[in-house]
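Q: Questions regarding the structure given below will be posed in turn.
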Amino acid sequence: MKGGPWAGLLMFIPALPLLGFLLLALGVGRRSRWLVTAVGVGSVALSALLATELGLLFGYLNPARANVDVDWGSWLSVGDFRPTFGLYLDALSLAMVLVITVIGLLILVYSSRYMAEDPGYRRFFAYMNLFVGSMLVLVLADNLLALYLGWEGVGLCSYLLIGFWYQDPANSRAAIKAFLVTRVGDAALAVGIALLFTQFHTLQISELLRRAPEVWPVGAPLAVAAAALLLAGAVAKSAQLPLQTWLPDAMAGPTPVSALIHAATMVTAGVYLIARMHALFLLAPTVLALVAVIGAVTLLLAGCAALVQRDLKRVLAYSTMSQVGYMFVALGVGAWGAAIFHLVTHACFKSLLFLAAGVVIASLGEERDLFRMGGLRRSLPVAFGTFVVGGLSLAAFPLITAGYFSKDLILYSAWTSPQGSVWLWGAGVVGALLTSLYIFRVIFLVFFGAQKRQPERVGGLALEVPLLILAALAVAAGWAKGPLTAWLATALPPVAGATPASEMGLSAIATVVSLAGMALAALLYFRLPARVALWAQSSGPEVVRRLWRAGWGFDWLYDRVFVRPVVWLARVNRGDVFDDGFRAAAEAVELASRILRRTQTGRLRWYAAGVALGAILLVALMVVRP
Amino acid sequence: MILAWLILIPLATGLLAGAAGMWRPLSARLVALAGCVAQLLLVVALWGQAVSVGAHETWRLELTDVPWIPELGISFRLSADGLSLVLLALTAVLGLAAVLASWREIQQRVGFFHFQVMLVLAGVTGVFLAADLFLFYFFWELMLVPMYFLIDLWGHERRHRAAVKFFLFTQLSGLLMLVGILGLVFANQGHERTFSYQDLLAVQLAPAGALALMLGFWAAFAVKLPVVPFHTWLPDAHTEAPTAGSVLLAGLLLKTGAYGMIRFCLPLFPQTLDWAAPVFMALGVVGIIYGAVLAFAQTDFKRLIAYTSISHMGFVLIGVYAGNEIALTGAIVQMICHGLSTGGLFILAGALQERLGTRDLGRMGGLWSSAPRAGALAMVLAMASLGLPGLGNFVGEILVIVGAYAVSPGVAVGAAVGLVFATVYALWMMHRVFFGRPREGLRLRDLGQREVAVLGALVALLVILGLHPQPVIDMTQSTVSAIQSRIGAAQVDAERELFYEQPPNGMDSGIKWRSRWGDRP
Chain A
9 MKGGPWAGLL MFIPALPLLG FLLLALGVGR RSRWLVTAVG VGSVALSALL
59 ATELGLLFGY LNPARANVDV DWGSWLSVGD FRPTFGLYLD ALSLAMVLVI
109 TVIGLLILVY SSRYMAEDPG YRRFFAYMNL FVGSMLVLVL ADNLLALYLG
159 WEGVGLCSYL LIGFWYQDPA NSRAAIKAFL VTRVGDAALA VGIALLFTQF
209 HTLQISELLR RAPEVWPVGA PLAVAAAALL LAGAVAKSAQ LPLQTWLPDA
259 MAGPTPVSAL IHAATMVTAG VYLIARMHAL FLLAPTVLAL VAVIGAVTLL
309 LAGCAALVQR DLKRVLAYST MSQVGYMFVA LGVGAWGAAI FHLVTHACFK
359 SLLFLAAGVV IASLGEERDL FRMGGLRRSL PVAFGTFVVG GLSLAAFPLI
409 TAGYFSKDLI LYSAWTSPQG SVWLWGAGVV GALLTSLYIF RVIFLVFFGA
459 QKRQPERVGG LALEVPLLIL AALAVAAGWA KGPLTAWLAT ALPPVAGATP
509 ASEMGLSAIA TVVSLAGMAL AALLYFRLPA RVALWAQSSG PEVVRRLWRA
559 GWGFDWLYDR VFVRPVVWLA RVNRGDVFDD GFRAAAEAVE LASRILRRTQ
609 TGRLRWYAAG VALGAILLVA LMVVRP
Chain B
-2 MILAWLILIP LATGLLAGAA GMWRPLSARL VALAGCVAQL LLVVALWGQA
48 VSVGAHETWR LELTDVPWIP ELGISFRLSA DGLSLVLLAL TAVLGLAAVL
98 ASWREIQQRV GFFHFQVMLV LAGVTGVFLA ADLFLFYFFW ELMLVPMYFL
148 IDLWGHERRH RAAVKFFLFT QLSGLLMLVG ILGLVFANQG HERTFSYQDL
198 LAVQLAPAGA LALMLGFWAA FAVKLPVVPF HTWLPDAHTE APTAGSVLLA
248 GLLLKTGAYG MIRFCLPLFP QTLDWAAPVF MALGVVGIIY GAVLAFAQTD
298 FKRLIAYTSI SHMGFVLIGV YAGNEIALTG AIVQMICHGL STGGLFILAG
348 ALQERLGTRD LGRMGGLWSS APRAGALAMV LAMASLGLPG LGNFVGEILV
398 IVGAYAVSPG VAVGAAVGLV FATVYALWMM HRVFFGRPRE GLRLRDLGQR
448 EVAVLGALVA LLVILGLHPQ PVIDMTQSTV SAIQSRIGAA QVDAERELFY
498 EQPPNGMDSG IKWRSRWGDR P
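Residue numbers (the numbering used here), protein chains in the order written: chain A, 9 to 634; chain B, -2 to 518.
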């Protein structure tokens, strides 16, 4: 359906943050921090307000009829290649828009205090506004090329913000790594776009989803190729195996960046992409199965890696990877709604965890090492309380936290869906154990035990109010399970042909496992610390721990297999081997000239001898060949 | 006559600037600047006229030919279509940028310098306008000589070597083109001798002859573009040239190579494409990746940029030979945007060298804190270079990838791999120059108003082309579709020869044919 009274409002949602970026980039607020805050936070606040209003309108109407497609003008048009700047709003994009604007707003408010002393304050808000705008373009785009515009735009902002403190070359290197690894996926996505366009002569997503099943039978090679290429893009962006290595290093950026980009929004873009293109993935069952397997393996590997990290933010990074793995499992079994539901709850509790961690880190003077923290629960009560709420939600504490409802839905789908299996479910359950273990390890290490350092006072309403709101959301978002999934079902089909199973029974098992994880963490930390220390020193676990801390050694492997050969090749060939050929030719000519120059002696008898010799040769030739 | 003015203005102002330079250097700069502005205004006026006429006919503006050597059928024929006009606009913009960028850099023989710059501009303009093959060759050589002087007289440390290398590569390949031109003219039997492009389009050639002649033309264009492995003059020339020279080389002279392929190789010899297109597209993929890998390895800022040009021109080569409208349009957009972005990067490198006295990346680093404006502008240019959507280069590259996919998915994949390598060199460049801790005592005076204005204008054009490339696409659309229909017609001819026993000679000759799969009449 075109138009509608709110269609005009829709374009302002991405346009306002982009306008904010433009103003800040062109120098607004160069002398006044207040103006920077007004533009940087205000633009996103207006967007969030509009998004909420749209959400209410949308909920009031029948969502299935309320989908809006607004044409914002043509981008370019060559032959039948005619991508536009069209925006498409349905329940899926609306859910994403609400997450991006509302959580984005909270994080920006938090940043206005958190980054207040930073000399790059204006630059920070400019980048953040560009990010929010690009992310909104990504989720609202009605065609793949505009989606790609947002997709690469958020990649750029991620790069700029990871390397925000550019004076440390390590940050800049982490930023390069993040952009480069995700760009591998982007290149695959670009080829996928080319494939889809060549087949269907359109990039309009709704058209593609409508026509693909008409043209391709299930399992058609081209459908598999297209889905695989999109998956490669999604895997890179969402830090899933085998392109996950950039995310832990991305923690070099300021903490609000990690919360917004590397937890709540950008890393889940891959999940959004697959959900958005679900009809295509249904035509490629092998790829869909691969999605589930990638998710399951990633959630386990990342969960193990999170267990042994020393850096607080790296634990959270591996945790994000692992939780996105859950979303991939849900996608892989066709439970699109469950994946998006978990995306929403995860955005709430993970950004909460990051922001609370940010308070801890800032109060200890940028200290990130867990083993130099401890006993902070009295001195940082707000951070403690909100971190625990976030942790409980992450660990799926039953019946009251949001994480419980969404993870439960994923595990249930993994069991009951026709594409699901006991293995996927089992991986999820083991993952739940790991999740409880690692997050409560962090909680105990940071907030319990003896206080090792006196934290500075970091606070203020701008920090605490967003924390409290997010804590409320990390609980309350779960209560919206019923309406939210019903709402998402208007855009995403439900799991087809699920075998009924006892939700209560499955739920009970998962709950017991996750509670057991918490209990185990408490046991190890409070009752058996000596045993743990002893155990950790023995050589067997030490090897495992080093492997896990290094994220299973993928960095090491990729460095040997990809980075070093290319760098070596580039070094060796710095002088350009083709030039050697031309240089050799030039030298040969020079050599020849030097030799022939010798004949030019200036002595008459030599010349006379030469003429005579030539004459004899000519005569001889005539004699031999008459 | 308006087209002749486009050439006469740079020529006249160049002479004037040369003379004025003997009096005061500043007047030479001002005269050259005025010449560039005048040329730009004229191009804008032409553009407006073309848009208002609306009908996108090929060869829209034609100068009545003035006979030059009538015995041989050589005359002073100029004409312009959408493709020429777009490239003329690029010429005018970059000419202006080059003059402004040299404002402080060039302090010796200022008048003579501006004379040479304007001469290059006149030559390039002539190349884009010539509708007579001999005239084309004349302008082709006219670009070469002043560029040789620009490198040799105002260049950096190893300028002489670079200038000679540039001259030899261009001259030798140019001679091959001359052979090709003469061969084509003599192949035009049974007619009056002519060098007119329009007349020569009708020449019928045997396949082997067409291939040989095409390769003659192609050699000159392949060296200019450049195509790997004929690229090795480029890094030396770009690195050693003064800023204006690098801008003109990368921004304009490379484009004459692509222009030549589009204008001559495709429409004159469409029958060779079956053989040539796959080979040349493969060379394009090789160029994209090879150039990008070498760019990454460089330690000299300008040399790094030079190798990125080789990589980007690989996209152009693929786009030209993919044989469809989308890819060819992509190649043209890529030509324009590469001119702007690489021109900008060379201006930036020049500004840094002026301040630091070095182009060595190892001696830079951490410059963002003292020169944030330079850093921000460099960031946009680096992003353009790696093909970020929203900037013009992306439009060109995605059109080439999409267009190439239709003919060869493998080529599209190769080009997409190039995007990954482009990320490596662009980010590495930013890392080496602007990020990290500033070296002890290394502080940079940030860009001044003149530099910000020039680079800001280039960046603004890149953003506009990235979000609204349609004016350029519409302007070149008629040229592109004319070429595509010629190629298409040639392919239909070739197929007809396969299926018909005798090619039909006329409409009314009874068509005697049998289909290959039996059914004799």
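We put the CB at the ideal spot given by N, CA and C, even for glycine.
None of these values were measured; they are calculated from a predicted model.
1. Taking the beta carbon of Pro463 (chain A) as the centre, do at least 16 other beta carbons fall within 10 Å, making it buried, or is it exposed?
2. Could you pull out every unbroken alpha helix (DSSP H) segment of at least 4 residues lying fully inside the stretch 565 to 632 of chain A, listed in chain order?
3. Taking 8 Å as the threshold (beta carbon to beta carbon), is Phe349 (chain A) in contact with chain B?
4. Measure from the C-beta of Gln212 (chain A) to each C-beta in chain B and report whether the shortest distance is under 8 Å.
5. When burial is assigned at 16 or more other CB atoms within 10 Å of the CB, is Ile66 (chain B) buried or exposed?
6. Going straight from the alpha carbon of Thr240 (chain B) to that of Val265 (chain A), what length do you get?
7. On a Cα-Cα basis, can you pick out the residue from A:Val332, A:Tyr533, A:Phe336, A:Val323 that is closest to Ala365 (chain A)?
8. Give me the Cα-Cα distance between Pro250 (chain A) and Tyr412 (chain A), rounded to the nearest whole angstrom.
9. Going by other Cβ atoms of all chains shown within 10 Å of its Cβ, with 16 needed for buried, is Ala616 (chain A) buried or exposed?
10. Name, going along the chain, the residues of the stretch 309 to 322 of chain B whose beta-carbon falls closer than 7 Å to a beta-carbon of chain A.
11. In three-state DSSP terms, what is Gln186 (chain B)?
12. Which same chain residues, not among the five before or five after Val63 (chain B), have their C-beta less than 7 Å away from its C-beta?
13. At the 8 Å Cβ level, is Thr92 (chain A) part of the contact set with chain B, yes or no?
14. Could you compute how far the alpha carbon of Leu315 (chain A) sits from the alpha carbon of Val552 (chain A)?
15. Does the contact criterion of 3 or more C-beta pairs under 8 Å hold for the stretch 258 to 272 of chain B versus the stretch 356 to 366 of chain B?
16. Rounded to whole angstroms, what is the Cα-Cα separation between Ala368 (chain B) and Gln350 (chain B)?
17. Would a C-beta distance cut-off of 8 Å place Leu417 (chain A) and Ala485 (chain A) closer than the cut-off?
18. So Phe133 (chain B) and Val124 (chain B) are in contact, right, with Cβ under 8 Å, and what is the actual spacing, rounded?
19. Strictly below 9 Å CB to CB, what residues from chain B border Ser601 (chain A)?
20. Using three-state DSSP, classify Ser546 (chain A) as helix, strand or coil.
21. Out of curiosity, what's the CA-to-CA distance linking Trp173 (chain A) and Leu301 (chain B)?
22. Output, in chain order, the set of chain B residues within a Cβ distance shorter than 9 Å of Gln175 (chain A).
23. With three or more C-beta pairs closer than 8 Å as the rule, is the stretch 173 to 184 of chain A touching the stretch 391 to 398 of chain B?
24. With DSSP collapsed to three states, give me the class of Ile71 (chain B).
25. I'd like to know whether the C-beta of Met548 (chain B) is nearer than 8 Å to at least one C-beta of chain A.
26. In whole angstroms, what is the alpha-carbon distance linking Leu32 (chain A) and Phe132 (chain A)?
27. Assign Asp77 (chain A) to buried or exposed, taking buried as 16 or more other Cβ atoms, counted over all protein chains shown, within 10 Å of its Cβ.
28. Find the residues of chain B that neighbour Asp150 (chain A), judging by a C-beta separation of less than 8 Å, and give them in chain order.
29. Check the C-beta distance from Val404 (chain B) over to Asn321 (chain B) and give it rounded, since I have them as a contact under 8 Å.
30. For His157 (chain B) and chain A, any beta-carbon pair shorter than 8 Å?
31. Could you tell me whether any Cβ in chain A is nearer than 8 Å to the Cβ of Gln467 (chain B)?
32. Starting from the N-terminal side, write out each stretch of the beta strand (DSSP E) that is 3 residues or longer and does not extend beyond the stretch 76 to 115 of chain A.
33. Kindly identify the DSSP beta-bridge partner or partners of Ser193 (chain B).
34. Along chain B, in chain order, which residues have C-beta atoms closer than 9 Å to that of Arg582 (chain A)?
35. Give every residue of the same chain whose Cβ lies closer than 7 Å to the Cβ of Gly141 (chain A), excluding the five residues on either side of it in the sequence, and list them in chain order.
36. Does the distance between the C-beta of Tyr122 (chain A) and the nearest non-hydrogen atom of the ligand ZN fall short of 7 Å?
A: In short, the structure shows the following:
1. buried
2. 572 to 580, 585 to 606, 612 to 632
3. no
4. no
5. exposed
6. 39 Å
7. A:Val323
8. 28 Å
9. exposed
10. Glu322
11. coil
12. Ser72, Phe73
13. no
14. 11 Å
15. no
16. 14 Å
17. no
18. 6 Å
19. Those do not exist, as Ser601 (chain A) stays about 14 Å from chain B at its closest Cβ, beyond 9 Å.
20. coil
21. 25 Å
22. Gly363, Trp365, Ser366, Phe432, Gly433, Arg434, Pro435
23. no
24. strand
25. Because chain B in this structure spans residues -2 to 518, residue 548 (chain B) falls outside the shown range and cannot be described.
26. 10 Å
27. buried
28. Chain B residues near Asp150 (chain A): none, gap ~16 Å exceeds 8 Å.
29. 7 Å
30. no
31. yes
32. 76 to 78, 95 to 97
33. B:Asp129
34. Leu291, Ala294, Gln295, Thr296
35. Pro22, Pro25, Leu26, Phe29
36. Here there are no bound small molecules, and the ligand ZN is not part of this structure.
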